[in-house]
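Below: the structure, in structure tokens.
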Amino acid sequence: MPEPILNTRGLTAFYKDFQALYGVDLSVDQGEVLAIIGANGAGKSTLLRSIAGLMRNGADQIAFKGQPIGALRADQVAALGIALVPEGRQLFPSLSVEENLLIGGRIKRPGPWSLEAVYKLFPILKERRNQASTSLSGGQQQMVAIGRALMSNPDLILFDEISLGLAPIIIKDIYDALPGIVGGGMSAVIVEQDISKALSVSSRVYCLQEGRVSLEGATGEISREAISRAYFGVE
Amino acid sequence: MDWLNAIVQGTLLGGLYALFAAGLSLIFGVMRLVNIAHGDLIVLAAYLGLTTTVALGVHPLLALIVVVPAMAAIGYALQRGILNQTLGDDLLPPLLVTFGISVILQNALLEVYTADPQKMNAGALETASFDLGGLTLGWLPVLTMLVAIAVIAGLQWVFYRTPLGRAFRATSDNQDIAQLMGLNKAHVFGLAMALALAVTAIAGLFLGIRTSFDPSIGGGRLIFGFEAVIIGGLGNLWGTLAGGVILGVAQTIGAKIDPGWQLLAGHIVFLLILAVRPNGLFPRVAA
Amino acid sequence: MNLNDYSVTRTTREARIAALIGVVVMAALIAAPWWAGRADMRLLSELFLYLALASLWNLMAGYAGLVSVGQQAFVGLGGYMLFALTMFAGLHPIVAIGLSGVIAAAVSIPVAALLFRLRGAYFAIGTWVMAEVFRLVFAQISALGGGSGSSLPVDIVKSLAASRSGREALSYWLALAAAAGVVAAVYLFLRSRKGLALTAIRDNELAAGSLGIDILRAKFLVYVVTAAMTAMVGGLIFLQKLRISPDAAFSVNDWTAFVIFIVVIGGIGTIEGPIIGTLIFFALRETLADLGTTYLLVLGAVAIVVMLKAPKGVWGFIRNRFDLQLFPLGFRVRFPEKRKGD
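So the sequences go chain by chain: A, G and D.
The working numbering puts the first residue of the first sequence at 1365, with every later residue one more than the last.
The working numbering puts the first residue of the second sequence at 886, with every later residue one more than the last.
The working numbering puts the first residue of the third sequence at 727, with every later residue one more than the last.
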């Protein structure tokens, strides 16, 4: 059995007085693509933000490659090899396309990803490299956001709602590119509202409901009924 | 010819005001911080320059070698030690804390250097001049203007052409996402303040060579810098230079009408521009 | 459990006790000319005027979110109006002070129209520029002594009261009335619909906006009213000093720095804060005055530490500890002693 690259134990998270996560236990194996599904407000984004270091969590609640990272800042977590593609893309508007990618490569970890490799994956970005990132279409912006995360050559990449607000044809393009991204041994966690998209690329799935894990299992072994029960909480 | 002379001298004076303003503009751009102690930090730099020239017996311009790194270090320490704690959605903490720092600096300088006006001795540079088309230009004001242009060009280059500038812009855009890129915002802000105070060091030295100074004049320098920033348009460094020049020209023309009107004329021009163009003359075009 | 077990109340037992103590203290203070010495009365007068300035600045910064470092503009304007109106228009000093409030309100309207174009921290520095403009303008008026200033003529001083002790008592009572009047006015304003709206804005601008509260108009009103009252306090300050000069009248240290420190240390955004802060400020000043500039160093450092570590100041600390509110503003729900029926 391979060691999980990441696991959380009893993970809790708060926004001021509001508790968003109630003791989430989860593990991501080396090289696997994990999907996290759940309704709006189930805590999916909070979970990714916690892993990436953007929330305050207990030090031992999150371990990456056996090392506790729950209390680290996001920049420290990033340096260890975790990258987040945030919900809503969140490119830097003051930076050009290429500058957005370059700043993603500030953390220079060894690996296959470079400016050239990203341009090869998304050739349109090379054409638009000197444009303001805000001038791109939504799909192109999403490509920049993914490329920006890849530039640091992370061992674990977190995707938060990458299909949100994009046209189906664009979503297909982006999902078609995923195997090329995670094929090289990189582990990935994909958060999606679109269940079928998430299941199509992942080997295992967790369902979150009101800040707790309501279902967990291999993608092929879980029935639709179990998923909708876990998703909506109907018995 | 008198009027032309006033305009030219005012333009050169604007170089000094642009130096006052550049640091203010930089830290506002990166972290939306308005530092009320900025003027007192300029005066602190002037005193550090004075002490360096006296202690080492060097020319004030050579003192830059000591004062620039010293002010940069003070800036970094100030930001990481105190100012980072004040940043957030609430406007009050940074304002009141920098206001407190301003009062502390003023009184600490009083304690160490007394209230007596001081001046740095720059030798021949203070009086040297040359003729240009019937006008007499002092080398010192001309040098100040050239340095101001160089400083702003340098800041512009750092901001738009270097990884450090990229980090500044990214952190200014979105602190959380910048943190995801491995940028520690506390450190980035520290570097921004260090750079701002390095510029402040240059401003302080040119101030101290040009005129006499005492611990109480910081507020006035803050105001000149602030006026230059607003006249030029927020977030536009070259606009800041233009703002400094407009302020300088207004003051010299005011002084020509009546010596008591020098400062008032500058303020009035500032208020007029605020009334007519609240975003300044050259606001940065929104991307 | 039923709803009748709850009661909604505005006043608290502590507030009633405080009010009672307040009445006793006020009575003693009103009687001061009969029991206090000349120096004590001067000190108390100064304390009252600072309390008035602090309460006004707190109303702006702590409730309306208008952080001004230029209120010396209106202190000085009020002082100069007292001198000008008594010397050139022959008005009685008290009438002149009242009129200076009206003038300051009129002046503050265009000033606010300009300064409100500046956002947040830049507004703060803008107010300072404005104060500088006022200072430079008054330094140009030679009839008022130009840059060196002037003294209030003896016959005007004598018009207040014939005897020296009468004048001292009167100016003491005026200072006391100013402090009590400002605190009461701020309190009543904050209890009013507009005042509660303002507090709502401070606590949540988004929510207040959605309630249809006109944020800008409320802030504008606060700025103008504060300017008027600050100018009247300024008139009283220079009625005590009997001498005015541009540097003294528009001093950023005397009329803004100290006032800000008082409010921050006492507790910004509370009515009690400026009162506590004024008491602390004068206690520190009377004990540390010999230290000169060191005293200001200490004051600045204390203000910074309070801002960073206890942003609600001394009063905020006390209030959190003991759940006290001496000037009840909002309504509170009183929970039943014991839950019945479950």
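Every residue gets a Cβ at the ideal spot worked out from N, C-alpha and C, and that includes glycine.
This one's a predicted model, so the numbers in the text were calculated from it and none came from an experiment.
Inter-residue Cα distance where the pair is G960(D) and A953(D):
10 Å
Please state whether DSSP places T1085(G) in a helix, a strand or coil.
helix
At least three beta-carbon pairs within less than 8 Å, the stretch 783-794 of chain D to the stretch 848-856 of chain D:
yes
Go through its chain and collect everything with a Cβ distance to F864(D)'s Cβ below 6 Å, but skip five positions before and after it.
Y806, P972
Strictly below 8 Å CB to CB, what residues from chain G border R1470(A)?
P1048, A1052, M1066, G1067, L1068
Tell me, please, whether the CB atom of F1048(D) is closer than 8 Å to any CB atom in chain G?
no
Host alpha helix (DSSP H) of P954(G) (start-end):
945-966
So is N1059(G) in contact with chain D if we call contact Cβ pairs under 8 Å?
no
Could you compute how far the alpha carbon of A1171(G) sits from the alpha carbon of P1457(A)?
Because A1171(G) sits at a pLDDT of 42, beneath the cut-off of 50, its placement in the model cannot be relied upon, and the following sentence gives the value as read from the coordinates. Taking the straight line joining both Cα atoms gives about 10 Å.
Cβ shell of T1096(G) (< 8 Å), same chain only, five flanking positions each side left out
K1004
Pull up the distance between the alpha-carbon of Q1573(A) and that of L1385(A), whole angstroms please.
10 Å
Do the stretch 955-970 of chain G and the stretch 1073-1090 of chain G touch if we need at least three Cβ pairs shorter than 8 Å?
yes
Should P1037(D) be flagged as near chain G, meaning a C-beta pair shorter than 8 Å?
yes
Rounded separation between S1527(A) and S1564(A) - CA only:
14 Å
Using DSSP with H/G/I as helix, E/B as strand and the rest coil, what is F1456(A)?
coil
Can you name the residues that DSSP bridges to Y1379(A)?
F1382(A)
Beta-carbon separation of E1556(A) and E1585(A) under 8 Å?
no
Among residues of its own chain, excluding the 5 on either side of G788(D), which ones have a beta-carbon nearer than 6 Å to its beta-carbon?
I994, G995
For L1489(A), which three-state DSSP category applies?
helix
Cβ neighbour criterion (16 or more within 10 Å) applied to G973(G)
exposed
Going by the DSSP bridge assignment, what does D1524(A) pair with across the sheet?
V1555(A)
Alpha helix (DSSP H) segment containing A838(D), residue limits:
819-841
Run through chain G and tell me which residues come within less than 8 Å of Q1504(A), C-beta to C-beta.
Result: empty, since nearest Cβ-Cβ is about 16 Å, beyond 8 Å.
Could you work out which residue in G900(G), W888(G), D887(G), L968(G) is closest to I1131(G) when comparing CA atoms only?
G900(G)
With H, G and I counted as helix, E and B as strand and the rest as coil, what does DSSP make of I1586(A)?
coil
Just to make sure I have the definition right: I need the residues of chain D whose C-beta is within less than 9 Å of the C-beta of Q964(G). Which are they?
Residues of chain D passing the Cβ test: none, with the nearest at roughly 14 Å.
Sorted by chain position, which residues of the same chain lie with C-beta nearer than 6 Å to Y902(G)'s C-beta, five sequence neighbours on each side aside?
F1109, A1113, G1129, L1132, G1133
At the level of alpha carbons, what is the spacing between S1497(A) and F1596(A)?
37 Å
Comparing alpha-carbon positions, which option in I997(D), L1014(D), M856(D), A1029(D) lies nearest A741(D)?
I997(D)
Identify the contact partners of A1055(G) in chain A, using a Cβ-Cβ distance below 7 Å as the criterion.
F1456, L1459, I1467
For S1014(G), which residues from the same chain have a beta carbon less than 8 Å from its beta carbon, with the 5 sequence-adjacent residues on both sides left out?
T1021, L1022, G1023, W1024
Which residues of chain G have a Cβ atom closer than 9 Å to the Cβ of D1439(A), listed in chain order?
A1063, Q1064, L1065, M1066, G1067, L1068, N1069, K1070, H1072
Compute the Euclidean distance between the alpha carbons of D881(D) and M958(D), then round it to the nearest angstrom.
21 Å
Can you tell me whether DSSP reads S1478(A) as helix, strand or coil?
coil
Mapping the DSSP letters down to three states, classify F1007(D) as helix, strand or coil.
helix
Under the rule that 16 or more other beta-carbon atoms within 10 Å means buried, what is I1102(G), buried or exposed?
buried
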